[in-house]
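Note sheet for the following structure.
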Amino acid sequence: MSEILLTPRTNNGFALFSALIGGQLAPEKLWLSPSWRAKFLLRSMLTPVSSWQHMRHIAAFAPMQQILPQQPTLPGKIHRPYLHLGLSVSQRVAALHDHYRFVSQLACEELRQAMLSATDFALARFSGKDGEAIAITMICNGRCEREGEVNLLLHCDGTLLGVLTFAVTERNRKPQLIVGGLQGAHRDTPHEFIRHATKACHGLFPKRVLLEALMQLAAAMGIQQIYAVRDGGHVFYSLRYRLKKRALFHACYDEFWQSVNATVASRHLYQLPLSLAQKPLEEIASKKRAEYRRRYALLDQLHQQLSRFS
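Numbering of the sequence shown is given in the numbering used here, commencing with residue 1106 and proceeding in unit increments.
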């Protein structure tokens, strides 16, 4: 059996490709499967130019090499729907290279580490209404790998309540952040606990808290454009996943994006505002103002903790 190697031994694209299909390089155990390698070879032969370019990027660019143990499907990501519908194979190649190049050039070392972290990297921690432990973390570990490269996660007392997946690509030589997925709690999580967590955040839904964190991070990274996938633009709506994955897709992205004043950008994407406006207290019924003050205080605390990445 081939040894599982954690990093490539070459900076040559063809040598990297040969090592992968020959089993000499296995970023993770799935690459030890002959059928997996055969599929990778066939798909690469069907898209030779883009596949060759992608191999060159991985081999020559240290951040993409180093991430292979965490993102073992990275070499073949370009062969499947990725981030959102409508991307060609060559555009997927560019999107992946853009993302890791952007991350490698981040001025804030701590944020760069967070976006490449193989384990939960703590971004913010605070207490809920009744002392609940609320934590926002970041990880790059291949989870939701069709929807982006980095995951933002929200936990309440150790229970996962939301995952936002994104990647940073480039358009007209400017970075743009694209949200490819936004998931709630696992289906086995009691609905009562989700309601409890919402109360712990003074009425803020977990997805809203994650979006607030994302917008703060985008500002810290100097990103002026944020897009998010529409219902019909999600990768699970592709022909490839019509039977296998689409039945598992229950999210209603459009409704949520519209609730935060997003605008339709294309057939597959919404454009999100760069920040979410807060309703003035004088416009809020007097009996609800105390709760809104606590809500705004929680958001201020979140923003203050994330400001260290600016």
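Yeah, the Cβ is synthetic: ideal placement off N, Cα and C, and Gly gets one too. For clarity, every value in this text was computed on a predicted model and none was experimentally measured.
A check of alpha carbon separations from A1165 across P1295, F1119 and L1381 identifies F1119 as the nearest. Taking a cut-off of 8 angstroms on C-beta distances, the stretch 1218 to 1229 does not touch the stretch 1286 to 1305, as fewer than three cross pairs fall below it.
For the 8 angstroms CB-CB criterion, N1256 and T1270 form a contact. Bridge partners of M1243 according to DSSP: F1226 and L1257. Between M1160 and F1122, the CB-CB gap stays under 8 angstroms. Residue pairing by DSSP places T1274 opposite Q1281 in a beta bridge. In the three-state reduction of the DSSP assignment, V1154 falls in the helix class, which pools H, G and I. In the DSSP assignment, V1334 falls within the beta strand (DSSP E) that extends over I1331 to V1334. By the Cβ test, the stretch 1176 to 1196 is in contact with the stretch 1330 to 1345, since at least three Cβ pairs between them sit closer than 8 angstroms. Inter-residue distance for R1399 and E1387 is about 15 angstroms (C-alpha atoms, whole angstroms). By the neighbour-count definition (other C-beta atoms within 10 Å, threshold 16), G1285 is a buried residue. Shown here, Q1218 sits in a helix according to DSSP, grouped into three states. One alpha carbon belongs to R1292, the other to E1254, and they sit about 23 angstroms apart. Excluding its 5 nearest sequence neighbours in each direction, P1311 has C-beta neighbours in its own chain below 6 angstroms: L1259, L1266 and G1267, listed in chain order. Here L1377 is not near Q1329, since their CB atoms are 8 angstroms or more apart. Measuring C-alpha to C-alpha distances from P1174 to each of A1131, R1148, L1216 and A1402 identifies A1131 as the nearest.
Residue range L1374 to L1377 is occupied by the beta strand (DSSP E) that includes Y1375.
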